[in-house]
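Written out below as structure tokens is the structure these notes cover.
In the numbering used here, the protein residues as written are 7 to 249.
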């Protein structure tokens, strides 16, 4: 009985994945970056605006800015995107939000500048991996937003949104999606004699519905989640206070 149940679940998973990724041409290709340094074996899923979605051999779906692909691959994307597609998107039911695992890994390299006041520099970026835990529902056309927050070195009550990025993601049944933010360079000094600049504080990640309303939120540190209203209203590189 358990074996039969397992077979049924696997069959449903295969059928749902096929429906969600009907736009994929189903052919595994080697995609090359514009500088020729990076390659990935993946299927073309879809393209929208300046983003291209590729499904890797391990089943993960990644989004890549079109301009980062080689000239030949950019031409191929244009040809594939122009082909007619019979697929439809699975919209998110806000009454039954998707069950997702969100993993955010920060890259924060801090170094001394070697000046008399021990100035420090940080290069900040995020790697975001979202995993769909659903076994019968896959999703296309999802939208996410990420905010990166920095704290003032001279006034601990003042913060800034130093990065705000929106992106789309595809999540097949039991599938994953990865996204890499841009990099922001910060400079600061929190020496008691000469404090200036801003340093890394944390991030807020949100999954949005078609109207731009948040469905799921993840924040670190958690205090940022309690101040989402101010963070959403804040302008890039303009000071605001959490309380």
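Every residue, glycine too, gets a C-beta built ideally from N, C-alpha and C. The model shown is predicted, which means the values in this text are computed figures rather than measured ones.
Test item: CB-CB of residue i and residue j under 9 angstroms
i           : j           : result
residue 168 : residue 154 : yes
residue 234 : residue 210 : yes
residue 178 : residue 138 : yes
residue 71  : residue 58  : yes
residue 201 : residue 159 : yes
Candidates the options, of which the one nearest residue i by Cα
i           : options            : result
residue 126 : 42, 75, 232, 203   : 203
residue 69  : 170, 147, 220      : 147
residue 171 : 87, 132, 112       : 132
residue 116 : 212, 242, 205, 224 : 205
residue 162 : 245, 130, 47       : 245
residue 227 : 67, 186, 110       : 110
residue 87  : 150, 143, 49       : 49
residue 183 : 56, 37, 44, 63     : 63
residue 174 : 190, 164, 216      : 216
As assigned by DSSP and simplified to three states, the class of residue i
i           : result
residue 112 : strand
residue 234 : helix
residue 244 : coil
residue 162 : coil
residue 223 : strand
residue 187 : coil
residue 285 : Outside the modelled stretch of the chain, which goes from 7 to 249, sits residue 285, for which no answer is possible.
residue 216 : coil
Of all the alpha helix (DSSP H) runs that stay within the bounds of the segment 39-98, which reach a length of 4 or more residues?
77-87
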